[in-house]
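Participant: Input: one structure, supplied below.
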Amino acid sequence: MDIDRSLNPEQREAVMHRYGPLLILAGAGSGKTRVITHRIAYLIQEYNVSPYNILAITFTNKAAKEMKDRVAQLVDYGADNMWVSTFHSACVKMLRRFSHVLGYEDNFSIYDTDDQKSLMRTVIKGRNLDPKRYREKYFLSRISMAKNELIGPDNYKSSYPRSADAELIASVYREYQDRLKANNAMDFDDLLMNTVVMFRESEEALTYYRNRFRYILVDEYQDTNRAQFELVRLLAHYVNDNGEVECNLCVVGDDDQSIYGFRGADIRNILDFEKTYPDAVVIKLEENYRSTETILDAANEIIKNNPHVREKKLWTKLGSGTPITYTVYPDDLAEARGVAEEIRDQVDNGKAVYGDFAVLYRTNAQSRPFEAIFANFKIPCRIIGAVNFYQRKEVKDVLAYLKTIDNGLDGIATRRILNIPRRGIGETTAAHVQEYADGNGIGFFEALLDAKSIPGVSRAAAKIASFTELITRYRMRAAEAGCSLKKLVRDLLSDLDFEEELRREDPDSADDRIANINELINAITYYEENSDGPATLSGYLADVSLMTDADTEETSEDHTVLMTVHSAKGLEFNQVFLVGMEENLFPSSMSIDDEEIRGVAEERRLCYVGITRARRHLFLSRASRRMLRGENNFNAESRFIGELKKNARHLLTEKRISDSGSPFGGQSYRNSYDSPFESGFKKGSYSGYDSSAKRGSLSDFSSSSDRSDFTPYKNPAISAKPYENPYKKAAVPAPKNFGNASESSLGFTVGDRVSHERFGTGTVTNIVKGGRDFEVTVEFPSGTKKMLAAFAKLRKI
DNA sequence: AGTCACGTCGTTTTT
DNA sequence: CGACGTGACT
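To convert, note that position 180 of the first sequence is 201 in this note's numbering; the numbers rise steadily by one, no gaps.
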């Protein structure tokens, strides 16, 4: 294979590097993807590496698919045998194969944020915690952080000794994990953490994959978290035929584009690469092939305000190009209109097509005005990320049916659809079933099968029976060899009268929702026809769970795209509108509030990512007044604009659009001044970033992120009820009296033989104090069960 | 059990 | 502003 003559010397070196760790520091637009694909092709063609021995990790599924296609074009054969996927997808594949190591079944479900919340809700309810103070998110975000750092429930307390509620969180974490396992389910973070745990527990699994993945490539390495770091470190260790250890790990990244700190990404992974891998070769790619000098200068100008460990300066041969357009609009609608006018004008004059443009913003909520205005201007567009197709209710409902059929232990899925379509099985009934399931250490579906004997459920027993019969019937079908998924889903939907139900529920939206269902059937058909191995329900469901909005196929229609700056990572566009350049929005008030230095540095990198998406022309803009959460905000100009103006004013052409063009005119502007307290003391209004105003400024009143332990000052004039009515929620005593049971009252202890009406005789191996009850672990002949003492009716014998 | 009206609360960013 | 949960009513 000829090395592509268009590669520059550094790129060439990266492509031809063979053994040992390699770090490629690839600035934005430096031809990184070309290097990776050529490198893979070179390994295969010139070094005779079998594609079977290559693992390439990308950031999105779409990028994986593209990479695979591009490699396939470069090599003669075998590209199909490579693993090219995201961390999460790769982990699922590995976990399925060795799931028994963790005590999971291989068809485990993957829980998304909604599922996680449902599960956490049962945990919180079961402990009678104050739901005001302890929301699902409170625990879930802490648990997520812990998992990203490979901290399990048992290590939680010792790892975060200073954290408030450490004990409670640890115990909730423990129960949450146990329940996940009982449901044969993992959440997103588990996919990573459990894979590491699996490799630590099973020599066999680790050796298997070390042997297989002799060459590992990781893209966007700057966004890896601790778990991903550890995973890579474990895998990149191949003992060759001479008994030598090879670590053929190639990571690619750019520390200036690290933007996922909030989900545990640790920039030190890339900064300290040589510490972890002392014999690493480091190659810098600094020539940019994408953007004009003007755009690069602006990007450099901003990013140089961050402290740097690795110095780097992008340069280009492309020439200076057009100046950056910076526009100040009176409000957010005017901003959207200004962008639409520019696009309309260029397209109508034949200077550009819709697909040349991208609108990038900091938060998804900012897409709304653009959505409305673009429709008026008849600009075809696609909004990425707003509502993921697979998160729509009707789609999730169908998927929950499939999960219930596929994974009999997935109680969250079963509970979701128990009464969809309406079959007269209410929340109270479901709660009884759940209690029964928990008490007997069985799954939700299994408990449904006992409906007749559950107290308080008997009335709904017949309805439940027809539900379980339906599911059982489809389970048998799904288990048949050569079962067509498409046909199964179609039959299921017609059995359920699903369309009719949607029409009955809301006739207005029914057509859209039915279209979504049909789209889902198309997707299933597509999966079935294009799947590498056998097309299974579990396989499809996993694919779907890990699918992002950005992963969906591009349509051939010419259109402008709108998305967050995060979603734009790795993409490029001829012309980019980076909108909403305002303090508190970009940088986000959150990042300014909690940890000024680290938070704003990440925002600055995000801004750098946004700017460097543009090839030819960059438009920056801000709105003087912006509707946010139903109120007007007047934010100062973003400090990032200030950083540009300070030393690189020549790069900008500034425009100011007057207020008169706005349909609100000056009127609403005056109105907001009529009640200065209204806008002055509420969150996010009238704040600047001048150092003089940094501390003790008005915006400080809004800087508490946790309201439960901080009462912000409120002007009595606008806040009539400063106190919560203390009588409002008098504690309702729990219906059952298992509140203060002491361990001795159980009547048995560890080591005792006990009997259970369902499982027979067993030995108590552990007793743990739960929130309100004891969780007893018993070894029965049929297996080990964990159960709550209050329900299990265990008797010492 | 299901429906409707009202209050509350909140928004970074995503696999 | 809008999504969502709560509570009263049918």
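All C-beta atoms in this analysis are idealised placements derived from N, C-alpha and C, irrespective of residue type, glycine included.
If distances are taken between C-alpha atoms only, which option among D240, L252, S505 comes closest to N82?
Facilitator: Among D240, L252, S505, the Cα nearest to that of N82 belongs to D240.
Participant: Counting only runs of 3+ residues fully inside the stretch 200-287, write out the beta strand (DSSP E) ranges in chain order.
Facilitator: Fully enclosed beta strand (DSSP E) runs of 3 or longer: 206-208, 236-239, 269-274.
Participant: So for L523, helix, strand or coil by DSSP?
Facilitator: In this structure, L523 counts as helix in the three-state DSSP scheme.
Participant: With DSSP run on the structure shown, which of helix, strand or coil describes S139?
Facilitator: The answer is helix: DSSP assigns S139 an H, G or I state.
Participant: Cutting at 6 Å between CB atoms, please list the residues of its own chain near A35, excluding the five before and the five after it.
Facilitator: Excluding residues within five positions, the ones whose Cβ falls inside 6 Å are I45, V56, I304.
Participant: Hey, quick one: how far does the alpha helix (DSSP H) through F108 stretch, first residue to last?
Facilitator: Per DSSP, F108 belongs to the alpha helix (DSSP H) from 108-119.
Participant: Quick check: what's the CA-CA separation for R444 versus S487?
Facilitator: Cα-Cα distance, rounded: 10 Å.
Participant: Where does F465 fall in DSSP's three states?
Facilitator: The answer is helix: DSSP assigns F465 an H, G or I state.
Participant: Please determine if the stretch 217-227 and the stretch 249-257 are in contact, where contact requires at least 3 C-beta pairs separated by less than 8 Å.
Facilitator: Yes: the two stretches touch, three or more of their Cβ pairs being nearer than 8 Å.
Participant: When burial is assigned at 16 or more other CB atoms within 10 Å of the CB, is W336 buried or exposed?
Facilitator: Result: exposed.
Participant: Let's see if you can read the secondary structure: which residues bound the alpha helix (DSSP H) around D572?
Facilitator: Where D572 is concerned, there is no enclosing alpha helix (DSSP H), given that its DSSP letter is neither H nor E.
Participant: Quick check on this structure: which residue in R358, Y310, D277 has the alpha carbon closest to the alpha carbon of A320?
Facilitator: A320 has its Cα closest to that of D277, out of R358, Y310, D277.
Participant: Alpha carbon to alpha carbon, how far is N537 from L523? Give it in angstroms, no decimals.
Facilitator: Computed Cα separation, rounded: 11 Å.
Participant: Are A452 and I400 touching if we call contact CB-CB under 7 Å?
Facilitator: No, the Cβ-Cβ distance between A452 and I400 is not below 7 Å.
Participant: Excluding the 5 residues preceding and the 5 following V144 in the sequence, name in chain order all residues of the same chain whose CB lies nearer than 8 Å to its CB.
Facilitator: Closer than 8 Å at Cβ, skipping near neighbours: F160, V193, E196, Y197, R200.
Participant: If you follow the alpha helix (DSSP H) that D133 is in, where does it begin and where does it stop?
Facilitator: Neither: D133 is in no alpha helix (DSSP H) and is coded neither H nor E.
Participant: Looking at the structure shown, is C402 part of a helix, part of a strand, or coil, going by DSSP?
Facilitator: It is a strand residue.
Participant: Suppose you measure from the CA of R284 to the CA of D614; what does that come to, to the nearest Å?
Facilitator: If you take the alpha carbons of R284 and D614, they lie about 18 Å apart.
Participant: Indicate the three-state DSSP secondary structure (helix, strand or coil) for P528 in the structure shown.
Facilitator: P528 falls in the helix class under three-state DSSP.
Participant: Whole angstroms are fine: how far does the CA of S110 sit from the CA of A248?
Facilitator: When rounded, the distance between both Cα atoms is 15 Å.
Participant: Please classify S135 as buried or exposed, where buried requires at least 16 neighbouring CB atoms within 10 angstroms.
Facilitator: For the record, residue 135 in the displayed sequence is Asp; it is not Ser. Its Cβ having fewer than 16 others within 10 Å, D135 is exposed.
Participant: Given that a residue counts as buried once 16 or more other Cβ atoms are within 10 Å of its Cβ, and exposed if not, what is E188?
Facilitator: Classification of E188: exposed, given that the 10 Å Cβ count is below 16.
Participant: Rank R637, T782, T384, G406 by C-alpha distance to the C-alpha of E314 and give the top, closest one.
Facilitator: The residue with the shortest Cα to Cα distance from E314 is R637.
Participant: Can you give me the start and stop residues for the beta strand (DSSP E) that M568 sits inside?
Facilitator: First-last for M568: undefined, no H or E at that position.
Participant: Considering only DSSP beta bridges, list what E652 is partnered with.
Facilitator: Partner(s): L649.
Participant: Look up L381 in the DSSP assignment and give the residues it is bridged to.
Facilitator: L381 is bridged to M584, L599.
Participant: Given a threshold of 16 other Cβ atoms within 10 Å of its Cβ, counted over all protein chains shown, does G371 qualify as buried or as exposed?
Facilitator: Label assigned to G371: exposed.
Participant: What do you reckon, is the C-beta of F465 under 6 Å from a heavy atom of the ligand GTP?
Facilitator: Looking for the ligand GTP in the displayed structure turns up nothing, as the structure carries no ligands at all.
Participant: Among the candidates A167, A206, A286, V113, whose CA atom is the shortest distance from the CA of T216?
Facilitator: The option with the nearest alpha carbon to T216 is V113.
Participant: Is DSSP giving A657 helix, strand or coil here?
Facilitator: Coil, per DSSP.
Participant: Looking only at its own chain, which residues have a Cβ that is under 8 Å from the Cβ of G99, when we skip the five neighbours before and after it?
Facilitator: Once the five neighbours on either side are set aside, the close Cβ partners of G99 are I65, S71, P72, Y73.
Participant: CA-CA distance, I463 and G651?
Facilitator: So the alpha carbons of these two residues sit roughly 47 Å apart.
Participant: State whether the stretch 381-391 contacts the stretch 411-422, with contact taken as three or more CB pairs (one from each stretch) at a distance under 8 Å.
Facilitator: They do not touch, by the three-pair rule.
Participant: Residues in the same chain with beta-carbon distance under 7 Å from F395, minus the five sequence neighbours each way, listed in chain order, please.
Facilitator: Within the same chain, F395 has close Cβ partners A361, C402.
Participant: Consult DSSP for S725 and reduce its assignment to one of helix, strand or coil.
Facilitator: Confidence is the limiting factor: at S725 the pLDDT is only 31, short of 50, which leaves the residue's position unreliable and the question unanswerable from this model.
Participant: Which word fits A822, buried or exposed, when buried means at least 16 other C-beta atoms lie within 10 angstroms of its C-beta?
Facilitator: This structure does not reach residue 822, given that the chain is present from 22 up to 818, and the question cannot be answered.
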